[in-house]
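A.B. asks: Please read through the structure below; I'll follow up with questions.
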Amino acid sequence: MRSALADANHALVQDLLGRPYMMQGRVVHGDKRGRIMGFPTANIYLHRVATPVLGVYVVRMHNIARHGLPGVANVGTRPTMGGTRCLLEVHLFNFSDDIYGRYVRVEFCKKLRDEERYSSVDLLIEQIHKDADRARHYFAMRREL
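For what it's worth, our numbering labels the leading residue of the sequence shown as 1, then goes sequentially.
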């Protein structure tokens, strides 16, 4: 299982689990940097020593609507921002409700890339736009957007 997750082999993970891989937790207040950059995020602290997935992913968030809401997520320490604690940050498309304190499940659909450190916040924002576009394309191809 860990090997399949590390290799981003989501089809094998789903076969082994009988469902897509998910992480869950409570949405907490962050430092609002995503909102300032134009990408508000639902932040979920990961209460584990190590996480089996790291990087940027196409995701669906469950437990806040009738169906999973599409988005893009980062799992990692946010190296460009000087972060040290592992965090799951999810930006949902076409969604702006207040979900602080809500318990959510995040379904991992596809890995886009590894987490990287950028030399400037502007370069990070540029990459986030590309990641979001790729995630939107993923859902558009499945007629989910």
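Just so you know, even glycine gets a beta-carbon here, dropped at the ideal spot from N, CA and C.
How do the region 28-37 and the region 106-115 stand: do at least 3 beta-carbon pairs fall below 8 angstroms, yes or no?
C.D. replies: No: fewer than three Cβ pairs fall under 8 angstroms.
A.B. asks: On the CB-based measure, 16 or more other CB atoms within 10 Å of its CB, does residue 121 come out buried or exposed?
C.D. replies: Exposed: under 16 other Cβ atoms inside 10 Å.
A.B. asks: Between 88, 83 and 103, which lies nearest to residue 71 when the distance is taken from Cα to Cα?
C.D. replies: Of the listed residues, the one whose Cα sits closest to residue 71 is 88.
A.B. asks: If you draw a straight line from the alpha carbon of residue 98 to that of residue 62, how long is it in whole angstroms?
C.D. replies: So the two alpha carbons sit approximately 15 angstroms from each other.
A.B. asks: With distance defined between alpha-carbon atoms, name the residue in 74, 94 and 100 nearest to residue 136.
C.D. replies: Nearest C-alpha to residue 136: 94.
A.B. asks: Quick check: what's the CA-CA separation for residue 55 versus residue 101?
C.D. replies: About 24 angstroms.
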